[in-house]
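These notes concern the structure reproduced below.
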Amino acid sequence: MFPDELLIKIFQNLDIKNKIKAGLVCKKWRNCSKSKKLWKKIDLSPKGIEIEMLPIFRNFSKYPEQYKYDSNSIHKISKWANEVEEVIFKNCKNLNEFSIVNFISKYQKSIKSLNLSGMNGAITRWGYSKMTCLKNLEKVNFEMCFWVKDRTIKAFVENCPRLNTFILDYCDLISDDSIREISQGCGDKLIKLSLVGCKLISEQSLEYLTNCPNIEYLALGETDEFGDEETETESETETETESETDSDQNQNENENQNQNQNQNENENENDNENENENENQNQNQNQNENENENENENENQNENENENQNENENENQNENENENENENENENENENENENDINKVVDEIMNEFDLDENEKNIKKDNDENEKNIKKDNDENEDEDEDDESEDVSSIYDGYLQSIFADFSSECNKLKYLDLSDHKELNTSSLKALLGGLTNLKTLILDECDITDNILDYISINNTRLKKLSLESNENVTNQGIENIIQSCPFLEILDLNEITSLNDEFIGFLENENDNDNEYSQILNNIQILRFSSSEITDKTVELIVDHLAISNCFLNLKELDFEFCSLITDKTLEILSRETNNLRAISFSSCSITDEGMKKFAKKSPNLIAIDIDECSQLTNIGINEIAINCTKLVTLAISATNLNDQNLKTFSQNCPNINFLNISNCKQITDKGLKYLSKGCKQIQWIDCKGCDSISTKGVQYLTTNCLNLQFINLRDIHNLDGVFLGKLKEEFYEKKVSIKFWDENHDLSSISSSTKSSTKSTSTTQEDSNN
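Take the sequence shown: its position 529, counting from 1, is numbered 529 in full-length UniProt numbering, and each next residue is one higher.
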């Protein structure tokens, strides 16, 4: 008979269902299976494949949809378990709200950690209000729970006084109000807060978090409102716009008053003009009357004169002749005078015309001057607007720096900070934030568009870093990275992926190192993971690093290397790594220029390799691939797509690597049903396999996999045209019952019309295949 303690240790390695089955064997096993040690943690989440090594594997499905537990299952578990401290319902989408609430309520006095991540749309307000009865709750994980709102967080904070950890990644409805509630309710108890992908979070949250001096973990990656000048200056600009509108109103009122005054003056002037016109008209009338009277008098006088003239014609003929002569003389004189008068008038008119032209020229000059003045005023206004925008941005920068400085001084115990995807943060703001965080161990600045200025500041201020991620920061140079390496001796993980300007110069300072040189003795001694994907480094960088680690006796600390898309990496790197037996667990040579000769040397010296990525290594043949299968027997993850892999290689892998559970053989054109048969017999632990584009396999090969690999959770069969429609229909039905994820050759292909019955006619099957191929 086994002692109880030994039985309990054995039972700890069993999953939940097998623990319950073991308790049904006998009374002793029943008592042991109910031990509190076995039920502190209950994980009901679907068991997928978690790959934490190479970033290349992030592109694959980590959690295939396989649901083992339903409402009846957790009801049985609740009868078996006594005290539960941690409950994980991650991605348990087949569990209803009522079952979850009842299960949690039973252990309301003991549960300390609650994980509901991925349960989007499953919990209502009634459900989470029932969950807030967990008085000893310390940790909540609501990642991708779209039902979580500010009022949800408020309810948990108010009713769960021991809360110190909040995982709220990708909760789209969470805003700064939730952070205010957390900071007020938790205060110095708060230790961990993750807000990755929360679109409504701004830097206002940092101001609230100054009330949480003991916080150690803060993730703010991909928060859109964080550092957004427009959203943060709204409150400031509102008052400015109000004052501007008030001043504009006053100006408009004054202008209206002036206009009214001008109108009154114009009316008075018009009245005066009308009066003057009336007076002039009266005067003209009087003048006309006087003229008429004078004319009448003249007529009478002329008549009298004519009579006298007729009577005295003869007498006065001589006199008239004399008078006529005199009159002619007078007429000539008058004509001369009239000509002089006309000349004077013409001169006056010409003078007036000249004056009009001068006035026109003056007006033109004035108009041009006015236009120039307007242009100058417009330019000045534009300059003023630019100055105002600069003033606003400088005010905002000052505001941001003050918040960051306050946070870094109050929360100086912070050890983990994620600011990924925040290009809007400038150098001064980042310096203000990092200034007081001298205890940082992990700093993630992916896609932050930083420069060497920040790296130089980190190398002086944050020298205790163990992990630094600078992925996709194109503006950093070799010099900045060199300063980091020389100043941060505790670095364990350095991620330099997607820095295309990176080359051998960043590590060139090690070129003059010798065995007796202590100047660089502490550099990279603790390094475990180095990532250089898509860079321009060559074999020289690898040689300098490996030689340095060998001198420091730290080469065995190195566990992971990533050379994905490093086209200048060749067999020499494989030779350098194989100088001594290495302790590498994961390595990526995807799209590198490696051959069979280098792989043969490397594989023999890498017995502890767990994951390898050699996708698209076209120069590698089946000989080099066979060396991996023979020497790397601990492999769990193998990415070998678009290579010269053949059936014999799969046979060797099945014989030597039985622990493979993740396999990517997509676009390997030499694979046939025979190779899948070998694979399914030896590698029965396969959970994830990608066969996309393997044209030579057929229904028979897929049957080998689905029959022998009982743990299969994901299979990709796209772009394979030799599959039988009836078989696919049956496979879909079978996988649906097992909750296995399957992808067929066409994303738009719908198998709902294919009958799963064996009685389906050949005609319908062939037409379905043709339609799907089209």
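For each residue, glycine too, the CB sits at the ideal point set by N, CA and C.
Contact set for residue i: own chain, Cβ-Cβ below 7 angstroms, skip 5 residues either direction
| i | result |
| --- | --- |
| Asn272 | Confidence at Asn272 is low in this model, with a pLDDT of 49, below 50, so its placement is unreliable and no value can be given for it. |
| Thr477 | Asp452, Ser501 |
| Asn308 | Summary for Asn308: the model assigns pLDDT 48, below 50, so the residue's position carries little reliability, and this model does not support an answer. |
| Ser654 | Tyr678, Leu679, Lys681, Gly682, Cys683 |
| Asn708 | Ser680, Lys681, Lys684 |
| Phe103 | Ile74, Ser78 |
| Phe490 | Arg464, Leu465, Lys466, Asn526 |
| Gly187 | Asn211, Cys212 |
Close-in-space but distant-in-sequence residues of the same chain around residue i (CB under 6 angstroms, 5 per side omitted)
| i | result |
| --- | --- |
| Thr699 | Leu723, Asp724, Phe727 |
| Ser487 | Ser459, Thr463 |
| Asn159 | Thr132 |
| Thr573 | Asp539, Val542 |
| Asp4 | Cys32 |
| Gly435 | Ser408 |
| residue 819 | As displayed, the chain neither begins before 1 nor continues past 774, which places residue 819 out of reach and without an answer. |
Cβ pair residue i, residue j closer than 7 angstroms
| i | j | result |
| --- | --- | --- |
| residue 787 | Asn631 | Outside the shown range of the chain, which is 1 to 774, sits residue 787, and nothing can be said about it. |
| Ser420 | Gly221 | yes |
| Ile625 | Leu645 | yes |
| Asn90 | Ser117 | Note on residue identity: the sequence assigns Lys, not Asn, to residue 90. Yes, the pair counts as a contact, with Cβ atoms nearer than the cut-off. |
| Phe565 | Ser593 | no |
| Leu663 | Ile689 | yes |
| Asn661 | Val702 | no |
| Phe404 | Leu437 | no |
| Ile111 | Glu143 | no |
| Ser472 | Asp446 | yes |
| Lys413 | Thr442 | no |
| Asn503 | Glu536 | yes |
| Leu455 | Ile484 | yes |
| Lys431 | Asp449 | no |
| Leu676 | Leu705 | yes |
| Lys674 | Asp647 | yes |
| Val84 | Trp39 | yes |
| Glu97 | Lys41 | no |
| Lys139 | Ser105 | no |
| residue 778 | Leu620 | What is shown of the chain runs 1 to 774, which leaves residue 778 out entirely. |
| Phe11 | Lys21 | no |
| Gly127 | Tyr170 | no |
| Asn608 | Thr633 | no |
| Glu474 | Phe506 | no |
Residue i, DSSP secondary structure in three states
| i | result |
| --- | --- |
| Ser394 | helix |
| Ala155 | helix |
| Leu717 | coil |
| Asp43 | strand |
| Phe89 | coil |
| Phe166 | strand |
| Lys106 | helix |
| Ser402 | helix |
| Ile51 | With a pLDDT of 43 at Ile51, under the threshold of 50, the modelled position of that residue is not reliable, and no figure is offered here. |
| Lys651 | helix |
| Lys732 | helix |
| Lys467 | strand |
| Ala629 | helix |
| Lys669 | coil |
| Leu200 | strand |
| Ser696 | coil |
is_contact[residue i, chain C] using C-beta, thresh 7 angstroms
| i | result |
| --- | --- |
| Glu511 | Structure shown: chain C not included; a single protein chain is present. |
Close-in-space but distant-in-sequence residues of the same chain around residue i (CB under 8 angstroms, 5 per side omitted)
| i | result |
| --- | --- |
| Glu191 | Before going further, note that residue 191 is Ile rather than Glu in the sequence given. Same-chain partners within the cutoff: Asn164, Thr165, Asn214, Ile215, Glu216, Tyr217. |
| Ile201 | Ile174, Ser175, Asp176, Ile179, Leu195, Leu220, Thr223, Glu225, Phe226 |
| Tyr520 | Gln486, Phe509, Leu510, Glu513, His548 |
| Glu492 | Lys466, Lys467, Asn526, Ile527, Gln528, Ile529 |
| Ile153 | Phe166, Leu168, Ile174, Ser178, Glu181, Ile182 |
Those residues which DSSP pairs with residue i across a bridge
| i | result |
| --- | --- |
| Thr643 | According to DSSP, Thr643 bridges with nothing at all. |
| Asn664 | Ala639, Asp690 |
| Asp418 | Ala219, Ile444 |
| Leu24 | Answer by DSSP bridge pairing: none, since Leu24 is not bridged. |
| Ile529 | Ile493, Glu560 |
| Val140 | Leu114, Phe166 |
| Lys431 | Its beta-bridge partners do not exist; DSSP assigns none. |
Contact test: residue i Cβ vs the ligand ATP heavy atom, cutoff 6 angstroms
| i | result |
| --- | --- |
| Pro658 | For the ligand ATP, the structure offers nothing, since it holds no ligand at all. |
Q.
Which runs of the beta strand (DSSP E) at least 3 residues long sit entirely within the segment 550 to 595? Give them in chain order.
A. 560 to 562, 586 to 588
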